[in-house]
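If you're matching them up, the sequences are chains A and B in order. Oh and the first sequence: position 196 is 198 in the working numbering, straight run, nothing missing. Oh and the second sequence: position 303 is 309 in the working numbering, straight run, nothing missing. In this text, a Cβ means the ideal position worked out from N, Cα and C, and glycines have one as well.
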Amino acid sequence: MDIAWSADEIAFRDEVRAFLANELTDELRASGAHMTSVYADPRHARAWQAILHEKGWVAPSWPVEHGGTGWSLAQRYIWQRERIAAGAPPVSPMGVQMCGPAIIGHGSAEQKAFFLPRMLSGEHFWCQGYSETGSGSDLASLQCRAEEDGDDLVVTGQKLWSTHAHAANWGFFLVRTATLDRPQKGITFLLIDMTSPGVTVVPTVSPAGENIQNEIFLDAVRVPKANVVGAIGDGWTVAKYLLDFERGGAAYAPGLQIDLDEIEQFASEVRGDDGGRLIDDAAFADAIAQARIDVMALEIFEFRAMSDAGAGRYPAAIPSLMKIRGTELQQRITELRLLAAGRYGLAYQPQAGVSAGPVHFPHGEGDFVGPREAAIAPMRYVSERAASIYAGTNEIQRNIIAKIMGL
Amino acid sequence: MDFTFTDDQRQLRDALRGYLQRNNGFSVRTANARSASGWSESLWRGLADDLGILGLLVPEAAGGVGGNATDMMVVMDELGANLLVEPYLETAVIGASAFGAGHETELAAIARGDLRLAFAWAEAETRFDTLPRDTIALRTTVGWRLDGRKIVATAAPMATHLLVTARIGEEPALFLVEAGAVGVSQQAYPTIDGRRAADVTLDAVALPDHARVARGAEAIERLCDIGAAMLGAEALGVMRVMLDDTIAFTKERRQFGQAIASFQVIQHRMVDMYMQLELATSAVYRAVLSLGASPAERARAVSAMKVTVASACRFIGQNAIQLHGGMGMTDEVAVTHYFRRATVIETEFGSADWHRRRFAALSRAA
């Protein structure tokens, strides 16, 4: 066992830092640093992706032959930490992290040749079509139908919570091509051109007033069978592969540490309840210390998972444990941010930050009152309530772990 | 000992509930909150003329109802359940409690609905401390001169007058300032619960002698305690709706072939929400019934209540969202609006940390 980074890893960190320092524009840096949610503005995400594409750093988790970086898991971890610390916006995960692996693992040679380069360049901006009105936690019960008609599938149905569907030109969907004895059977993984006739995207407004998620209505949308990934009816296998692909690569601690750094910085600049600086306030300092301690434990947990994965070991409960603990701490830290904001945390001023989509609630333009950190705090607090709901609720994750534990 | 409501109080609650359902249903109040002004003049008039509740705490001699704190608790609870955005707390609770002898004109105007007040107490450098530090009142030959800056003054953009705390030398005092007076400027914005607030700058504002409506730290702290206690009563209505909506949703929402309310993990969560609501209710009763007690006893009961209510608001609010799943992350369902109001209530008139510290200090002094 060795807890320290190696000399090579430190050299890599320095290389990454130099790259970020040289390539990040002020606008991109502000966009990443002042996000009002976990989502970046698609325009900024695409601009940053273009810079990464030049460098060949868009898809650290992909195999090298498809345009990956060939980095070790440790290098990917370092990259993630340095990227967040420098304030770079995240590249949209829908293409590179979600759809890309499905195509790499189960796509045809033609699909790989057509989609993967366009995914890397950002020419294609992707969204996901999974959840439906009646199918959230119970995803396999999905009802969006696709009927075979010659060389096409004809898709009719409705999808929910599709992040950035309003900005996307391609979407990956789970559709039902057959009703069989088990709901997981008869599902097909399908790539749909979002500009196809019959596709309608309707904005969903979040409690923070932002349109990031969308509803997608599909009305007899014709999709070539060539866009099926894997076999017709075998979409559940593809979807599960996609979920497993990122095993060992996900990490919450880097972002959470930087969140805490930001809060401590802010708390050293504002007044606390006892008249001194907030950072010197005993109750606040204790709360920050507890969050630091929790993140430290999570960090080593993530390192252990990374180290296991590097050796080809994938303990089954790890992704669910990480998702629960990571999102709980993420939400706890938004509470600390809101606490630090004090009374200015009550003001609704999305214009002080960078929203990932159009803002629908009444709000000011340009100027804002109080510190920027205080204005962003309630946006993050409200929008990150989603973290314990999306990607499998934390209740569902606990059910998964209970099964793995043999309970 | 008696914790039951009188027949009059029950009738008041039923009448108010019916009136608000008819005249300020969810879509109407949301449209009003998102209109340019952010409030409804006709609803405000209705509170005065149809219901007579703007004068609930105004003495009968001044044209009011002469009601007590328990009556007001009943009203605030219903206003919370209705998510009313008009400045009722600021006007009918804080305003009516601020004005005493010599201010019968203002009290009558409150009861008639002609006065809409905002309570501008917070300053950038005092965090949650209730007493003014950087807003200064100076004696002039004809009255007073006010200089300073107030932050996040709730309802200020829709107010006819502001109640402003300021320091005369070392003595805190409360002044009534016309919103449109020379030297008063506002930078307005919405709050996260869809209400309106403003940072208010006071630049050599000239006031007549009788503009000073109260003096001394105890007078200001009393007003903040009354405001906090009634805000706690409002929180009960807010939380009750979140719990009821969550129970209804989980009974209806089916996954894996059954209502999600049948899962034990969901049931236990809702049991804990219910428990938090009952404890918050108890804390609010104690606070409201202690408003007439000695300043120290009143302050302890109010701070204890605020800590209990803040924790209940957070637990019930967060879990109401969680149990609504994806729907809980949309503006479509009412529960997310209640969640944002509950989040504001958590820190309005002081965070849980601030009140815990105040409670500890009061307990040591006792």
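Alpha carbon of residue i to alpha carbon of residue j, nearest angstrom
i, j, result
"glutamate 375/A", "serine 43/B", "27 Å"
"lysine 257/B", "arginine 28/B", "27 Å"
"threonine 336/B", "proline 209/A", "5 Å"
"asparagine 396/A", "leucine 341/A", "24 Å"
"alanine 68/B", "leucine 113/B", "6 Å"
"isoleucine 198/B", "lysine 405/A", "40 Å"
"proline 62/A", "isoleucine 260/A", "21 Å"
"leucine 245/A", "methionine 100/A", "8 Å"
"phenylalanine 105/B", "threonine 111/B", "10 Å"
"isoleucine 327/B", "glutamate 386/A", "11 Å"
"aspartate 452/B", "glycine 154/B", "Residue 452/B lies beyond the stretch modelled for chain B, which goes from 7 to 372, so this question has no answer here."
"valine 225/A", "alanine 6/A", "51 Å"
"glycine 232/A", "proline 256/A", "35 Å"
"tyrosine 94/B", "methionine 164/B", "12 Å"
"valine 294/A", "glutamate 367/A", "The sequence given here places arginine at residue 294/A; valine does not occur at that position. Rounded to whole angstroms, arginine 294/A to glutamate 367/A spans 35 Å at the Cα level."
"alanine 170/A", "threonine 202/A", "12 Å"
"valine 313/B", "leucine 348/A", "18 Å"
"glycine 70/A", "valine 60/A", "8 Å"
"proline 138/B", "serine 39/A", "35 Å"
"alanine 111/A", "leucine 122/A", "17 Å"
Neighbour flag for residue i against chain B, beta carbons, 8 Å
i, result
"histidine 365/A", "yes"
"tyrosine 316/A", "no"
"tyrosine 41/A", "no"
"tryptophan 238/A", "no"
"serine 322/A", "no"
"valine 207/A", "yes"
"isoleucine 326/A", "no"
"leucine 341/A", "yes"
"valine 371/A", "yes"
"valine 384/A", "yes"
Within 8 Å, strictly: CB atoms of residue i and residue j
i, j, result
"arginine 339/A", "tyrosine 392/A", "no"
"alanine 220/B", "arginine 151/B", "no"
"proline 163/A", "glycine 332/B", "Sequence inspection shows tryptophan at residue 163/A; the proline mentioned does not correspond to that position. Closer than 8 Å, so yes."
"phenylalanine 191/A", "valine 230/A", "yes"
"arginine 35/B", "valine 91/B", "yes"
"leucine 329/B", "threonine 252/B", "yes"
"isoleucine 189/A", "leucine 176/A", "yes"
"arginine 48/A", "glycine 124/A", "yes"
"arginine 173/B", "isoleucine 142/B", "yes"
"glycine 235/A", "alanine 167/A", "no"
"leucine 54/A", "valine 18/A", "no"
"alanine 222/A", "arginine 178/A", "no"
"alanine 3/B", "aspartate 231/B", "With chain B covering only 7 through 372, there is no way to say anything about residue 3/B."
"tyrosine 243/A", "alanine 354/A", "no"
"tyrosine 346/A", "tyrosine 195/B", "no"
Cβ of residue i within 8 Å of any chain A Cβ
i, result
"arginine 173/B", "no"
"threonine 353/B", "yes"
"arginine 228/B", "no"
"alanine 203/B", "yes"
"glutamine 261/B", "yes"
"tyrosine 94/B", "no"
"arginine 370/B", "no"
"tyrosine 344/B", "no"
"threonine 166/B", "no"
"tryptophan 360/B", "yes"
"glutamine 324/B", "yes"
Please go through the stretch 185 to 248 of chain A and give each complete beta strand (DSSP E) segment of 3 or more residues, from N-terminal end onward. 189 to 195, 201 to 207 and 213 to 226, all fully within the stretch 185 to 248 of chain A.
Would you call the stretch 235 to 245 of chain B and the stretch 83 to 92 of chain B in contact, with 3 or more CB pairs under 8 Å? Counting Cβ pairs under 8 Å, three or more are found: they touch.
Every unbroken beta strand (DSSP E) inside the stretch 325 to 387 of chain A [3 residues or more]: DSSP runs (the beta strand (DSSP E)) wholly in the stretch 325 to 387 of chain A: none.
Can you give me, in chain order, the residues of the stretch 270 to 281 of chain A that have a beta carbon less than 9 Å from any beta carbon in chain D? As a matter of chain content, chain D is missing from the structure shown, whose protein chains are A and B.
Could you tell me which uninterrupted beta strand (DSSP E) segments, each at least 3 residues in length, are contained entirely in the stretch 216 to 249 of chain B, listed from first to last along the chain? Whole beta strand (DSSP E) segments, 3+ residues: 218 to 221.
Please list the segments of the beta strand (DSSP E) lying wholly inside the stretch 80 to 148 of chain A, counting only runs of 3 or more residues, in order along the chain. Entirely contained in the stretch 80 to 148 of chain A, the beta strand (DSSP E) runs reaching 3 residues are, in chain order, 128 to 131.
Three or more beta-carbon pairs under 8 Å between the stretch 259 to 270 of chain B and the stretch 286 to 296 of chain B, yes or no? No, the stretch 259 to 270 of chain B is not in contact with the stretch 286 to 296 of chain B.
Do three or more CB pairs link the stretch 354 to 366 of chain A to the stretch 200 to 219 of chain A at distances below 8 Å? With the cut-off at 8 Å, the stretch 354 to 366 of chain A and the stretch 200 to 219 of chain A touch.
Pairing CB atoms from the stretch 343 to 352 of chain B with CB atoms from the stretch 241 to 251 of chain B, are three or more of them under 8 Å? Touching, yes.
Any 3 or more C-beta pairs closer than 8 Å across the stretch 315 to 330 of chain B and the stretch 277 to 290 of chain B: Short answer: they touch.
Hey, is the stretch 311 to 325 of chain A in contact with the stretch 77 to 96 of chain A, meaning 3+ C-beta pairs nearer than 8 Å? Not touching, per the Cβ criterion.
Given 8 Å, three or more beta-carbon pairs between the stretch 154 to 168 of chain B and the stretch 126 to 138 of chain B: Result yes; three or more Cβ-Cβ pairs closer than 8 Å.
The stretch 366 to 374 of chain A touching the stretch 292 to 310 of chain A, judged by at least three CB pairs closer than 8 Å: Contact between the stretch 366 to 374 of chain A and the stretch 292 to 310 of chain A is absent, because fewer than three Cβ pairs lie under 8 Å.
Just checking, does the stretch 133 to 144 of chain A make contact with the stretch 116 to 124 of chain A on the three C-beta pairs under 8 Å criterion? With contact defined as three or more Cβ pairs closer than 8 Å, the stretch 133 to 144 of chain A and the stretch 116 to 124 of chain A are not in contact.
Going along the chain, which unbroken runs of the beta strand (DSSP E) with 3 or more residues stay wholly within the stretch 126 to 160 of chain B? DSSP runs (the beta strand (DSSP E)) wholly in the stretch 126 to 160 of chain B: 142 to 145 and 149 to 160.
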